[in-house]
Amino acid sequence: MAEAGPGGGITREELQLAARNHGTPLEALASEITPVGLHYLLTHYDVPAIDPEAWRLRVEGEVERELELSLDELRRRPAHTIPVTIECAGNGRAQLDPRPLSQPWLVEAVGTAEWKGVSLRELLDEAGVGHDAVEVLLSGLDRGVEGGVAQAYERSLPLADALGEEVLLAYEMNGDPLPPQHGFPVRVVVPGWYGMTSVKWLGRITVLAEPFDGYQNSWAYRFRQSKDEDGEPVTRIQPRALMVPPGVPDFMSRERHLSPGEHELRGRAWSGWGPIELVEVSADGGQTWADAELGAQPGTAAWRPWSWRWPVDSEGTYELCCRAHDAAGNVQPLEAPWNLGGYANNAVQRVVVHVGTDPAGD
Ligand SMILES: Nc1nc2c(c(=O)[nH]1)N[C@H]1C(S)=C(S)[C@@H](COP(=O)(O)O)O[C@H]1N2
Ligand SMILES: [Mo]
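In the numbering used here, the protein residues as written are 45 to 406.
Following this line, the structure appears as C-alpha cells:
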C-alpha cells in the first residue's frame, strides 16, 4: 500500500473507491438499526451476480461429512436473528498522516443491522470438525486482483472464533433477503470482529489443518510499519463512540450551526473487546470531559446508545468530541498510532460547531 505525499490531495484511485463504497451518514446514528440503504458498504472487487437457484454452499476440508446445501435447505434450518454492529477495519484511515492509499474513510464505516441466518457452529457440528482442525476458511464468490495477486475474496478465522456462539451465515438483513451489495444470497457475520472477516457472497467453507496463508490474512489486514514486517493480524473492533452531529451542516465543510440553548447530544458506542462501560463528551476539543448517560445495548454485539445535555449560552465556535471506554479497559486515544494499512484508527471524533443565530432559521 502506498501513501499520499505531504499535504497530498485525494487521488483519483481513492475517489473511485469512495464513490463505490459509501459510508453511513452520521445522522443515521439516530437509529438503533441502520436502514439497509444507509448502511456502509465495502466491496474490494465487483458485486457478483449470483443465481440463487444454482447457488450451493459447500462445507469441506477437515470434516467427517462434507455438506452441500441449497439456499432452501439452509433456510429450513433453525434460524437466529441478532443485531450486530459491523465496522470496517479501515475506518479512520483518511485521518492518518501520511494517509495510506486505500478506501479513504473518515469515521463513517460502521452500521448495525438485524442479521438472520443459521449458526456456523451448528453447521460445523453437523459436518463434524476433524481433530487436526485449526482454522475455518470462508471463501466468497467475488474475484479480483489485489497486490498483484489474483484471488477470490477469502479469509480464515481461528477455529475457536469460528465456533463462537453468535457467528452467523446470514441470508436476511433487517427482515429482507440480503441485497446484492451486502452479500446475496448468504454472507458471514462475525460479531465483534472488524468487517473484513464477515465474508459476503459465501460459496465455500473449508476446515483447515494448517493456518491459511492467503492474501487477506497473511498480507492485508496486519498491523505493521513497513512491508518487511510480518506484523500482527487485525482482529476485533477497538472501542469507538460517535455522535449525531447537532444542528445544521454547512454544505462543504460539514461544520455545524446551532442556536444557543440546551441541546441534547446523542450517539452510539461499541467495542469488540467487551461491553461499553463509559462514554465521555467534551465541548472544548478534548481538554475537559463529562460523563454521558448510557442507554441499553440492544444485544451483546450491537452498539450502545448514549446522550449528553449540553447547555451552551455563549455564542462562539466549539469542538465537540466523544470517547468510549470498554469493559476490557480500552479507551479511545486522542491520536492513534500510525500503521501501513491504516487500520483501526479509533482516535476521538471531532465536530466543529458554531453557536450563534441559526443561519437556516428556526
Ligand atoms: N466476499 C467479500 N466479502 C467481504 C468483502 C469483499 O470485498 N468481498 N469486504 C469485506 C469488508 S473489508 C468489510 S468492511 C465488510 C463490509 O460489509 P458491508 O459491505 O455489508 O457493509 O465486508 C467484508 N466482506
Ligand atoms: Mo473493511
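All residues carry an ideal CB built from backbone N, CA and C; glycine is no exception.
All figures in this text were calculated on a predicted structure; none of them were measured in a lab.
Residue i, DSSP secondary structure in three states
i, result
"Asp141", "coil"
"Asp169", "helix"
"Ala98", "coil"
"Thr87", "coil"
"Thr344", "coil"
"Gly247", "strand"
"Glu226", "Per the sequence presented here, residue 226 reads as His, with Glu not at that position. Three-state result, His226: helix."
"Ser242", "coil"
"Ser146", "coil"
"Leu384", "coil"
"Arg119", "helix"
Cβ pair residue i, residue j closer than 8 Å
i, j, result
"Asn65", "Gln147", "yes"
"Leu252", "Ala171", "no"
"Ser183", "Gly247", "yes"
"Ala72", "Leu85", "no"
"Thr156", "Pro127", "yes"
"Ala336", "Ser351", "yes"
"Thr78", "Gln225", "no"
"Trp99", "Leu111", "no"
"Leu150", "Ala138", "yes"
"Leu286", "Gly316", "no"
"Glu179", "Phe228", "no"
"Pro144", "Leu384", "yes"
"Arg300", "Gly291", "yes"
"Tyr387", "Val278", "yes"
"Thr129", "Ala380", "no"
"Ala313", "Pro283", "yes"
"Arg348", "Leu338", "yes"
"Glu152", "Gly67", "yes"
"Glu198", "Val154", "no"
"Asp90", "Asp186", "yes"
For residue j and residue i, believed in contact at Cβ under 8 Å, the rounded distance
i, j, result
"Gly236", "Ile281", "6 Å"
"Leu140", "Asn389", "6 Å"
"Val397", "Leu364", "6 Å"
"Val103", "Leu61", "That belief does not hold up - the Cβ atoms of Val103 and Leu61 are roughly 33 Å apart, past 8 Å."
"Ala368", "Val323", "5 Å"
"Ala371", "Pro304", "Not confirmed; about 37 Å, so no contact."
"Gly191", "Tyr259", "6 Å"
"Val392", "Gln376", "5 Å"
Proximal residues to residue i (C-beta, below 6 Å), its chain only, five neighbours per side dropped
i, result
"Glu106", "Gly174, Asp176, Ala177, Val251, Ala253"
"Gly343", "Ile126, Pro127"
"Ala161", "For the record, residue 161 in the displayed sequence is Gly; it is not Ala. So the qualifying residues of the chain are Leu212, Leu213, Ala214, Tyr215."
Paired residues, beta bridge with residue i - DSSP
i, result
"Met217", "Trp159, Asp220"
"Arg350", "For clarity, residue 350 is Trp in the given sequence; the question names Arg instead. Gly311, Leu338."
"Trp237", "Arg280"
"His369", "Leu322, Val375"
"Met287", "Gly311"
"Ala194", "Val189"
Residues near residue i by beta carbon distance below 8 Å, same chain, minus five either side
i, result
"Asp220", "Val80"
Chain-order list of residues whose beta-carbon lies under 7 Å from that of residue i (same chain, five-residue window excluded)
i, result
"Gly275", "Arg266, Phe267, Arg268"
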